[in-house]
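Trainee: Going line by line, the protein sequences match chains A and B. Per the working numbering, residue 1436 is the first one in the first sequence, and the count goes up by one each step. Per the working numbering, residue 49 is the first one in the second sequence, and the count goes up by one each step. This structure is in structure tokens; I'll ask about it shortly.
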Amino acid sequence: DSGVTQTPKHLITATGQRVTLRCSPRSGDLSVYWYQQSLDQGLQFLIQYYNGEERAKGNILERFSAQQFPDLHSELNLSSLELGDSALYFCASSVEPSKYNEQFFGPGTRLTVL
Amino acid sequence: GQQVMQIPQYQHVQEGEDFTTYCNSSTTLSNIQWYKQRPGGHPVFLIQLVKSGEVKKQKRLTFQFGEAKKNSSLHITATQTTDVGTYFCAPANQAGTALIFGKGTTLSVSS
């Protein structure tokens, strides 16, 4: 158990819908990362937050947005969902946003768009 | 942009055989981390390499960072069924703001 929690574990929805994925980082970790894992693309970095502020952006679509709240939990919002958004979404956390810090991953949310 | 290539993408071995995965970058890396993801699980940190030519060992696993800091490798000696999973190398991007994960190398082991 990494100490990072993600809800829900599974999510099934229809195209065009909007969903919110939630992540609670390890106690003491200030930085949160979101990743998308699909079979053909591997593990893709989406976005990073540090102490409530956006720190880095990766391959995140404009239909996707995220935020980190004062209690440090984070939410990833996916809207106008398409079939291709079906994937495993991981949240990870680290003490600081340093590239030298190891990241602790949560169990993931499996999103299925029908 | 910065690219990382990991080879092979898939590898099947008999239990007891050795296994190596290679990670190659088009640019010089400041550091590289390695993660393992078991089937149905999430990535778990294994190790970090920072220095040129660095070699680190964890039991049957040996990690190397190239002299030019453009490549890295993970070697497993005498694989066991518990080694099954996907191994990712994850160097930092040039801005140092994120790790770059590729598709990884998926290892299967038959007994």
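Positions of the beta carbon are idealized from the N, C-alpha and C atoms, including for glycine.
Taking only three categories from DSSP, how would you classify GLY1477/A?
Mentor: Position 42 of the first sequence, counted from the first residue, corresponds to residue 1477/A. If DSSP states are grouped into helix, strand and coil, GLY1477/A belongs with the strands.
Trainee: Could you pull the start and end residues of the beta strand (DSSP E) that LEU97/B belongs to?
Mentor: What you label residue 97/B is simply residue 49 of the second sequence in a count that begins at 1. Looking at the DSSP string, the run of the beta strand (DSSP E) that includes LEU97/B is 91 to 97.
Trainee: Suppose you measure from the CA of LYS1492/A to the CA of SER1528/A; what does that come to, to the nearest Å?
Mentor: Working through the first sequence from its first residue, we reach residue 1492/A at position 57. Working through the first sequence from its first residue, we reach residue 1528/A at position 93. Straight-line Cα distance between these residues: approximately 15 Å.
Trainee: Tell me, please, whether the CB atom of ARG1490/A is closer than 8 Å to any CB atom in chain B?
Mentor: In the first sequence, residue 1490/A corresponds to position 55, counting from 1. It does: the Cβ of ARG1490/A has a partner Cβ on chain B nearer than 8 Å.
Trainee: Using the Cα positions of GLN1503/A and ILE148/B, report the straight-line distance between them to the nearest angstrom.
Mentor: Taking the first sequence and counting its residues from 1, one reaches residue 1503/A at position 68. Taking the second sequence and counting its residues from 1, one reaches residue 148/B at position 100. Roughly 22 Å separates the two Cα atoms.
Trainee: Nearest to TYR135/B by CA position, among ASN79/B, GLU65/B, TYR83/B and MET53/B, is which residue?
Mentor: Looking up residue 135/B in the second sequence gives position 87. The residue with the shortest Cα to Cα distance from TYR135/B is TYR83/B.
Trainee: Taking the alpha-carbon positions, what's the GLY64/B to THR1442/A distance?
Mentor: As a working mapping, residue 64/B is identified with position 16 in the second sequence. As a working mapping, residue 1442/A is identified with position 7 in the first sequence. Cα to Cα, the separation comes out at about 39 Å.
Trainee: Quick check on this structure: which residue in ILE1447/A, TYR1535/A and ASP1464/A has the alpha carbon closest to the alpha carbon of SER1509/A?
Mentor: Reading the first sequence from its first residue, position 74 is the one you call residue 1509/A. Checking every option, the nearest Cα to that of SER1509/A belongs to ASP1464/A.
Trainee: Spatial neighbours of LEU1511/A within its chain, please: CB distance less than 6 Å, with the 5 preceding and 5 following residues excluded, ordered by chain position.
Mentor: Position 76 of the first sequence, counting from 1, holds the residue named residue 1511/A. Cβ within range, chain order: LEU1456, TRP1469 and ALA1501.
Trainee: Counting Cβ pairs closer than 8 Å, one from the stretch 108 to 118 of chain B and one from the stretch 66 to 76 of chain B, do we hit at least three?
Mentor: Output reads yes: the stretch 66 to 76 of chain B touches the stretch 108 to 118 of chain B.
Trainee: Whose CA, out of GLY88/B, GLN57/B, VAL157/B and SER78/B, lies closest to the CA of THR125/B?
Mentor: Here residue 125/B is taken as the residue at index 77 of the second sequence, counted from 1. The shortest C-alpha separation from THR125/B is found at VAL157/B.
Trainee: Spatial neighbours of THR1448/A within its chain, please: CB distance less than 8 Å, with the 5 preceding and 5 following residues excluded, ordered by chain position.
Mentor: Position 13 of the first sequence, counted from the first residue, corresponds to residue 1448/A. If we look at THR1448/A and ignore the five residues flanking it on each side, its Cβ neighbours are VAL1454, LEU1516, LEU1546, THR1547, VAL1548 and LEU1549.
Trainee: What residues in the stretch 1458 to 1475 of chain A bring their beta carbon closer than 8 Å to a beta carbon of chain B?
Mentor: Listed in sequence order: TYR1468 and TYR1470.
Trainee: So, under 8 Å CB-CB, LEU59/B and PHE67/B are touching, yes? Tell me the CB distance rounded to an integer number of Å.
Mentor: Stepping through the second sequence from its first residue, residue 59/B is reached at position 11. Stepping through the second sequence from its first residue, residue 67/B is reached at position 19. The sequence shown places Gln at residue 59/B, rather than the Leu named in the question. Going by Cβ atoms, the distance from GLN59/B to PHE67/B rounds to 6 Å, so yes, they are a contact pair.
Trainee: Within 10 angstroms of the Cβ of VAL98/B, are there 16 or more other Cβ atoms? Answer buried if so, exposed if not.
Mentor: Taking the second sequence and counting its residues from 1, the one referred to as residue 98/B is at position 50. Burial call: exposed.
Trainee: Please determine, among GLN57/B, ASN79/B, PRO56/B and GLN51/B, the residue with the shortest C-alpha to C-alpha distance to ALA140/B.
Mentor: Residue 140/B sits at position 92 when you count from the first residue of the second sequence. Nearest option by C-alpha distance: ASN79/B.
Trainee: Let me know the beta strand (DSSP E) ranges lying completely inside the stretch 75 to 146 of chain B, each 3 residues or longer, listed in chain order.
Mentor: For the stretch 75 to 146 of chain B, whole beta strand (DSSP E) runs of length 3 or above, ordered along the chain, are 80 to 85, 91 to 97, 103 to 106, 109 to 113, 119 to 124 and 133 to 139.
Trainee: Please classify TYR1524/A as buried or exposed, where buried requires at least 16 neighbouring CB atoms within 10 angstroms.
Mentor: As a first step, residue 1524/A must be located in the first sequence, where it is residue number 89. Classification of TYR1524/A: buried, given that the 10 Å Cβ count is 16 or more.
Trainee: Quick one: does PHE111/B have its CB under 8 Å from some CB of chain A?
Mentor: The residue labelled residue 111/B in the question sits at position 63 within the second sequence. No, PHE111/B does not count as interfacial toward chain A.
Trainee: GLU1531/A and SER1459/A - do their beta-carbons sit closer together than 8 Å?
Mentor: Position 24 of the first sequence, counting from 1, holds the residue named residue 1459/A. Position 96 of the first sequence, counting from 1, holds the residue named residue 1531/A. Against a cut-off of 8 Å, the Cβ pair of GLU1531/A and SER1459/A comes out as no contact.
Trainee: Can you give me the C-alpha to C-alpha distance between TYR1484/A and LEU155/B, rounded to a whole angstrom?
Mentor: Numbered from its first residue, the first sequence carries residue 1484/A at position 49. Numbered from its first residue, the second sequence carries residue 155/B at position 107. About 32 Å.
Trainee: My output table needs one value for LEU1507/A: the three-state DSSP class, helix, strand or coil.
Mentor: Residue numbering aside, residue 1507/A sits at position 72 when the first sequence is read from its first letter. Reduced to three states, the DSSP call for LEU1507/A is coil.
Trainee: If you count every other CB in all the chains shown that lies within 10 Å of the CB of ASP131/B, and 16 or more means buried, which is it?
Mentor: The residue given as residue 131/B occupies position 83 in the second sequence. Buried, by the Cβ-count rule.
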